[in-house]
Amino acid sequence: ADGQGSAALSAFAQAGSRAPQSLLWQWAALHTATAPYFEDQTALTAYLARWRAGLAACARLDFSDPINREQCERAATLVSNHRLAYLGDALRDDLRRYAAVLSAMVDQVVPQPQLAPARPRTRRRVGVVSASLRQHSAARVWSELLIGLDRRKIELFGFHLATVSDDQTERWRERCEHFDAGPHRLAEWVRVLVEADLDVLILLGINDDPLSPALATRRMAPVQCSTWAFPMSSGQATIDYFLSSDLAEPEDGAEHYCESLVRLPGLAAAYTPVAALADVPPPGPWSEHGHTRIACLQSGSKLLPVHDALFVRVLAASTPSRLALLPSLSPVLCAGLAARMDLSLRAADVASDRVQWFPRLGFDAYLGVLARADFLLDSLHWSGGLTSLDALSLDVPIVTLPGKLMRGRQTAAMLRLLELPELIASDFDEYLRIAARLAHSPDFRIGLREHIRERKHRLSDYRDSQAALLQFLCEAGPATLPAQVFRWTCPGPAATMAG
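Residue numbering for the sequence shown follows our numbering, beginning at 2 and increasing consecutively.
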């Protein structure tokens with residue numbers, strides 16, 4: 002948080018040199034980066050190379066060795082592999098290799114359980130496992146899809162991995178037939194989940210927390226699923242299906258997952274629009290009148306070096322304008338990102354004071370920035386999800402360039418749902434042209450806002466997604482073949498799943 006990642010990593014390596022074969026040290030080092038953002042493209046490439054070398058070194062370890070075996074549980078539940086999701090590629094083979102190493106590690110802690118024979122019952126028993134059954138982005142878009150399922154057909158069990166509870170947690174507790182919030186160690190969670198005798202287990206956001214990936218290595222129900230709440234394949238053979246959005250997935254989406262892909266209709270999200278806006282004007286020159294206010298409110302981890310030159314081109318083509326960035330980082334790390342972008346600003350002769358960096362803001366202040374923006378710039382490779390939904394609920398236009406993976410196509414899916422293809426670019430040059438038109442044409446922005454206002458209710462209509470999810474949960478059996486694709490073929494009560 003203080004921007005001393007390089008120094009920390011150096012000290013960490015020095016400590017590790019005292020026991021270079023230590024599993025705990027090597028596994029932690031594999032997941033450690035110098036900062037939550039990359040200084041340049043070379044740093045990104047070097048990180049992936051170092052990650053692959055580190056994983057290969059971990060794979061060569063003997064986990065049954067007494068010293069390593071003693072460290073297996075702590076290592077397996079210490080960190081998650083979320084960093085790979087920000088690199089812009091599916092990396093399916095890398096994820097498979099990672100999953101195999103993690104599974105071998107967990108084998109030393111708790112063996113694969115033996116499941117009891119399936120028993121006939123009138124309702125399908127579905128368990129949801131997550132550390133995010135609380136005020137969290139995953140809960141904001143998935144809770145209503147799940148807790149609103151027809152209880153005449155579904156018996157819902159909730160398993161909250163985190164120790165933090167809030168009003169959202171209590172809502173899950175009230176709506177589930179059974180709810181367990183732990184805390185438990187890995188072996189105890191496996192026992193709890195196996196004894197729940199589930200028909201389907203949904204790991205809501207694998208890699209959102211360190212415990213979920215370790216649990217995903219075990220077969221605790223006949224059918225196990227992950228979801229786009231963390232939009233990356235688990236790599237695990239024990240996860241049968243990936244629940245995703247048909248509207249956001251590319252046609253070749255199945256090639257990006259180790260699981261069989263389930264394409265739920267629409268956004269596969271149960272979004273509730275943000276409440277009445279608290280008037281919290283963000284401080285600084287960006288909020289002043291007299292210029293176009295542009296914003297990108299995506300996390301610093303999503304802002305790969307390629308964004309710098311693109312955003313600077315937008316500023317150069319849209320004078321007068323200012324850009325607000327909210328990377329949700331400490332002030333020191335914000336300064337590091339600003340220094341990286343300054344190289345592009347100087348090269349294009351664009352004044353650095355036209356960019357304002359906001360460190361972590363409270364929710365009301367975040368909404369204040371959204372509400373004051375004339376339009377948003379979407380991030381590349383991993384687009385806005387909940388942020389884009391929040392912006393559109395406030396009638397704010399967004400320019401986006403869809404990526405090749407689902408996680409880079411969520412904003413485009415929302416804009417297609419709103420019938421706004423004019424905001425979806427096909428390349429960098431078109432992204433720039435759309436942004437320049439938004440910056441220079443108040444009438445264009447006003448028309449877009451009216452269009453969004455008339456249609457934004459579609460973003461909150463999840464009836465087809467929920468109907469498809471219900472039928473899938475009632476009918477799904479273990480996936481017998483990899484890379485199957487399931488798509489909802491005709492919305493409504495009489496619809497069926499087509500394989």
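Glycine is no exception: its CB is placed at the ideal position from the N, C-alpha and C atoms. Model, not experiment: these values are computed from the prediction.
Are G206 and A139 closer than 8 Å when you measure CB to CB? In contact: G206 and A139 (Cβ atoms closer than 8 Å).
Specify the secondary structure class of Q136 as computed by DSSP and reduced to three states. Three-state DSSP puts Q136 in coil, outside helix and strand.
Please check the pair R323 and Q357, which I expect to be a contact at CB under 8 Å, by giving their CB distance rounded to whole angstroms. Indeed they touch by this definition, with Cβ atoms about 7 Å apart.
Straight-line CA distance for E250 to Q15? Computed Cα separation, rounded: 44 Å.
Considering just the uninterrupted stretch of the alpha helix (DSSP H) at Q472, what are its terminal residues? Taken as a continuous stretch (DSSP letters only), the alpha helix (DSSP H) holding Q472 covers 464-476.
Tell me E156's beta-bridge partners as DSSP assigns them. Answer is R126.
Are I295 and L424 touching if we call contact CB-CB under 8 Å? Note that the C-beta distance between I295 and L424 is not below 8 Å.
Kindly indicate which three-state DSSP category D210 falls into: helix, strand or coil? Correct three-state label for D210: coil.
So within the segment 262-339, which uninterrupted alpha helix (DSSP H) runs reach at least 4 residues, ignoring any that extend past its ends? Counting only runs that start and end inside the segment 262-339, the alpha helix (DSSP H) elements of at least 4 residues fall at 307-317.
Please report whether the beta-carbon of R341 lies at a distance below 8 Å from any beta-carbon of chain B. Protein chains in the displayed structure number just one, and chain B is not present.
At which residue ranges does the segment 37-88 contain complete alpha helix (DSSP H) runs of 4 or more residues, listed in the order of the chain? Whole alpha helix (DSSP H) segments, 4+ residues: 42-60, 67-77.
Do A222 and L204 have their CB atoms nearer than 8 Å? For the pair A222 and L204, the CB atoms are not nearer than the 8 Å cut-off.
Taking contact to mean 3 or more Cβ pairs, one atom from each stretch, closer than 8 Å, check whether the segment 314-328 and the segment 44-62 are in contact. Remark: fewer than three beta-carbon pairs, one from each stretch, lie closer than 8 Å, so the segment 314-328 and the segment 44-62 are not flagged as touching.
Going by Cα to Cα distance, which pick from L416, H292, A352, A426 is closest to L381? Closest in C-alpha terms to L381, from the list L416, H292, A352, A426, comes A426.
If you drop the 5 nearest sequence neighbours on each side, which residues of the same chain put their C-beta closer than 8 Å to that of A132? Excluding the 5 residues flanking it on each side, A132 has same chain C-beta neighbours closer than 8 Å at H161, L162, A163, G206, D209, D210, L212, S213, in chain order.
C-beta atoms of G409 and W383 nearer than 8 Å: At a Cβ-Cβ threshold of 8 Å, G409 and W383 count as neighbours.
Just to confirm, is the Cβ distance from V400 to L371 under 8 Å? Inclusion of V400 and L371 in the CB contact set at 8 Å is not warranted, their separation being larger than that value.
For L116, report the span of its beta strand (DSSP E) as first-last. Taken as a continuous stretch (DSSP letters only), L116 belongs to no beta strand (DSSP E), as it is neither H nor E.
Sheet register partners of Y242 (DSSP bridge): BP columns for Y242 point to C226, S261.
Can you tell me whether DSSP reads S131 as helix, strand or coil? In the structure shown, S131 sits in a strand (DSSP, three-state: E or B).
Which listed residue (Y38, G6, L147, D41) has its alpha carbon closest to that of A30: Among Y38, G6, L147, D41, the Cα nearest to that of A30 is on G6.
Count the other C-beta atoms from every protein chain shown that fall within 10 angstroms of the C-beta of T228, then say buried if there are 16 or more, exposed otherwise. Buried is the call here.
C-alpha gap between R464 and T320, whole angstroms: If I take the Cα positions, the gap works out to 43 Å.
Length of the line joining the Cα atoms of G500 and P37: Reliability of the predicted coordinates at G500 is poor, the pLDDT of 36 falling under 50, and the value obtained from them is presented with this limitation in mind. Those two C-alpha atoms are separated by around 39 Å.
Sort out for me which residues DSSP pairs T401 with in a bridge. Answer is I425.
Between the Cα of R361 and those of T35, A336, R373, spot the shortest distance and give me the residue it belongs to. Nearest of T35, A336, R373 to R361, Cα basis: A336.
Roughly how many angstroms separate the alpha carbons of A437 and L406, rounded to a whole number? A direct Cα-to-Cα measurement between A437 and L406 gives close to 26 Å.
Local Cβ density within 10 Å of P328, reported as buried at 16 or more and exposed below that: P328 comes out buried.
Please report the Cβ distance between S353 and L344, rounded to the nearest whole angstrom; I am assuming they are in contact, meaning their Cβ atoms lie under 8 Å. Wrong, their Cβ atoms sit about 10 Å apart, outside the cutoff.
Inter-stretch contact (C-beta, 8 Å, three-pair minimum) for the segment 301-308 and the segment 450-465: Contact between the segment 301-308 and the segment 450-465 is absent, because fewer than three Cβ pairs lie under 8 Å.
For L334 and D41, I'd like the C-alpha separation in whole angstroms. Cα to Cα, the separation comes out at about 15 Å.
Select from L62, G404, W26 the residue whose C-alpha is nearest the C-alpha of D253. Nearest option by C-alpha distance: G404.
Roughly how far, in whole angstroms, is the beta-carbon of L146 from the beta-carbon of V127, given that I think they are within contact range, below 8 Å? The C-beta distance from L146 to V127 rounds to 12 Å, too long to meet the 8 Å contact threshold.
D517 - containing beta strand (DSSP E), residue span: As shown, the chain starts at 2 and ends at 500. That puts residue 517 outside it, with no answer to give.
Which residue wins for smallest C-alpha separation from V1, given the options D247, V107, L24, D365? This structure leaves residue 1 out entirely; the chain is present only between 2 and 500.
Distance, Cα to Cα, R93 vs V142? Their Cα atoms are separated by approximately 25 Å.
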